[in-house]
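In this note's numbering, the protein residues as written are 35 to 650.
Ideal Cβ placement from N, Cα and C applies to all residues, glycine included.
This one's a predicted model, so the numbers in the text were calculated from it and none came from an experiment.
Read through the structure below, which is laid out as structure tokens, and then see the notes.
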Amino acid sequence: MTNRLFIRAYLFSACFLNCFLSGFTSLAQIDVIAVDTTTGVPAKALPFNRPFILKIPAKQKEYSSMYLIDHIGNKTLSETIQKRTTEIVSRIDDSGNTITDTLFKDYHLRPIPPAYFFMAKEGTKNSLFIRFKDTITLKPNKLYSLVIATDPDARTLTIFNALHESMKITGTATGDKLKKAKQISKAMDVYKSLADKVNEQLGIYFNIRFIDYISETDVASLPESDFDNDGIVTRNSVNIGGKTITIINKNVVQDILKFHNQKIEVLYDAIDAESTNLTTHISTNGANFIPSNTEKAKLALLNKAYISVDFREHSKLKEQFTQDNNRVLKTVNKLLSQSRTETDAIMQGLQPFLCSLCKPAKSTDYGNRLKNIEETFADIQRIYLLAQVLASQETALNDTFTYFESLLASVTTSRGYLKIMSEKISEVQDEIKKNALFSGADVTNGDTFIFSFETRTKLSIVPEVGLVTNRLFKSGRNSNFLLIPYLGASINFSQIDRDVPFKLIRKKTLWQRLSLVVGYSLVPLKDDYTQAPRDDFFEKSSLLTGLGFRFSNTVKLIGGYTWYYKRPASLELPRQLTNLPFIGVSFDMDIKKYIETIFSAVTPLRGTKTVESKAD
């Protein structure tokens, strides 16, 4: 009985362990394919016959939506979307003329459910992981684009900075309307650049709309009568410098201004109020940063006491004040040499207290201004604590307490104003995120082309043919031929797969374009009639070496040297290996394609073999 129970328990445990390990193994077998940070494409072909996970470097903390688009053949993403959303039709008008119309068709992007993607942190970097399984699967030999909705571009804030400046212009004097119009155009210049970036690939999607509007520099060329009271141009087309500019999607400009007036302006008004309070505070208390002669003497005493203290006997002091030994001394010395101009910039948060090579923050960069003022507070608080500790040895340092407390109080007040300003600008950003007019998008391209032996070998060494010439160079003007055909091979410095159109590779690196070229000429360079007779490197051809610069999956511009032997005047002397420079163009050869063509031509000639059976 006991043995039976033992056997049952053993079998149950074995089954459980097997199921557990099977599940674990299945998880381990799922490919995690990383997207290259340089090229923006996956490291290898995407599987279409099994689940996998795509890993993408994350540019923000979270993502809300993403879409998968399968390309039409080898068309780019923009060409695919244009094909699926528009249709060109022709018709004959009443006068017999052919009219071409563009009809718009409904096309819905294929969404990836939120349950299929998640964020994970690896060290200090965030990554986006997307599961491809179940309903989110791929087809073989297809190009795909993954479109990820992103937060608005950081430059979006400059749009509303300009619109806020336009709202400050409330006068009705001559020129005021043009001032408003200039700020409106400044904002639209930024919006247009953002919209162009998205529309270049995604066309009508992601709601950020293409516009064509007058630029900031063109506003001065127009009369005030061309603008309404908000500074928006009233006409549908304007003439600037003899060139007609058609205003496209003016309603988008009006929508953006309306959104600003309803949601954003009140937040900017709050920022302005805090900015005024900060300026008043600095005007009243900025002088507190400049120490009096008595306070300077006490600061010098603090320096002296700090330098002479024996940190071996004060372990706590060592931990607190010697991690950055120079910073304490620099802070005290900075107080001793502080100017009023520097004081104002520090209390505004435009620069930290210790700023030797730092770049001042922009006045509209409230986040960095708050960071600077907090750094200033920490530096002053550190030397205040040091003065309190060393006062037991130098009682005269007690007189510095009031000075430090005054500084900390002033900095705390400035920090409070900047904190509110930073919070308000965060509210502005949150409102902008809610408006689809400012949504951004990142695009990652991938493919499911099958990598066979042939496609793998062509990634590094590629056979090619081409034409080169020596005659563009002074030393090669007496070359036998104007154009020299050659046969050779390229050794690519980076993988190239001709199954994927070269134009679809984003952020191409120099290594993806460069290759080493080796070949031999198909015509002889031997010449017995010039002043320097030549012999070919080989029997009837010469060696070519050089570099290629790729323009497509097939075409490269190449340059290098043609190697040959220069015969000496005396037959007793050895030949000298030398070269002529060349430049030309090369074409990659698809050996696989040619072999398939040959086999398809030969197969019908092979006939069918008939097997006869013998009768018994």
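Next on the checklist: Give the list of continuous beta strand (DSSP E) stretches no shorter than 3 residues that lie fully inside the stretch 223-281.
Outcome noted: 271-274, 277-280
Checklist entry - Across which residues does DSSP place Thr208 in a beta bridge pair? => result DSSP output for Thr208 lists no bridge partner at all.
Next on the checklist: Which same chain residues end up closer than 6 Å to Tyr418 when comparing Cβ atoms and leaving out the 5 residues on each side of it in sequence?
Outcome noted: Phe438
Checklist entry - How would you call Arg490, buried or exposed, if buried means at least 16 neighbouring beta carbons within 10 angstroms? => result Low local confidence applies: a pLDDT of 42 at Arg490 is under 50, so the model's placement there is unreliable, with the coordinate-based value given in what follows. The C-beta of Arg490 has fewer than 16 other C-beta atoms within 10 Å across all chains shown, which makes the residue exposed.
Next on the checklist: On the CB-based measure, 16 or more other CB atoms within 10 Å of its CB, does Phe485 come out buried or exposed?
Outcome noted: For Phe485, the predicted model reports a pLDDT of 46, less than 50, meaning its position is unreliable; a value from the coordinates is still stated below. Phe485 should be labelled exposed.
Checklist entry - Buried or exposed: where does Gly57 fall if 16 or more other Cβ atoms within 10 Å of its Cβ makes it buried? => result Because the pLDDT of Gly57 is 41, which lies under 50, any placement of that residue in the model is unreliable, and the number read from its coordinates should be weighed accordingly. Under this definition Gly57 is an exposed residue.
Item to check | Simplified DSSP state of Met100, which is helix, strand or coil | outcome: In this structure, Met100 counts as strand in the three-state DSSP scheme.
Item to check | Buried/exposed call for Ala470, threshold 16 Cβ in 10 Å | outcome: exposed
Next on the checklist: Does Thr196 pass the burial test, meaning 16 or more other C-beta atoms within 10 Å, or should it be called exposed?
Outcome noted: It should be noted that the sequence gives Ala, not Thr, for residue 196. Buried is the call here.
Checklist entry - Out of curiosity, what's the CA-to-CA distance linking Lys467 and Leu369? => result 43 Å
Next on the checklist: Just to confirm before moving on: does the CB-CB distance between Leu452 and Lys332 stay below 8 Å?
Outcome noted: no
Item to check | Nonlocal neighbours in the same chain, by C-beta distance under 7 Å from Ala154, ignoring five residues either side | outcome: Once the five neighbours on either side are set aside, the close Cβ partners of Ala154 are Ser161, Phe163.
Item to check | Span of the beta strand (DSSP E) around Glu121 | outcome: 120-126
Checklist entry - So what does DSSP say about Tyr418, is it helix, strand or coil? => result DSSP places Tyr418 in helix when its eight states are reduced to three.
Checklist entry - Could you give the distance in angstroms between the alpha-carbon of Asp289 and the alpha-carbon of Asp246? => result It is roughly 15 Å from the alpha-carbon of Asp289 to the alpha-carbon of Asp246.
Checklist entry - Do the CB positions of Ala304 and Lys458 come within less than 8 Å of each other? => result yes
Next on the checklist: When you compare the CB positions of Ile103 and Arg144, do they come within less than 8 Å of one another, or not?
Outcome noted: yes
Next on the checklist: Taking 7 Å as the limit between beta carbons, can you name the residues of its chain near Met455, skipping five residues before and five after?
Outcome noted: Ile305, Glu308, Ser309, Tyr400
Next on the checklist: Which of the three DSSP states is assigned to Phe583 in this structure?
Outcome noted: strand
Checklist entry - Bridge partners of Ser326, per DSSP? => result Per DSSP, none; premise fails for Ser326.
Next on the checklist: The alpha helix (DSSP H) that contains Phe293, what's its start and end?
Outcome noted: 284-293
Checklist entry - Considering only the beta carbon of each residue, do Phe515 and Pro615 sit closer than 8 Å? => result no
Checklist entry - What are the boundary residues of the beta strand (DSSP E) that Lys159 is part of? => result 159-166
Item to check | Supposed contact pair Leu559 and Thr596 - C-beta distance, whole angstroms, cut 8 Å | outcome: 7 Å
Item to check | Assigned secondary structure, Thr72 (DSSP; H/G/I helix, E/B strand, else coil) | outcome: coil
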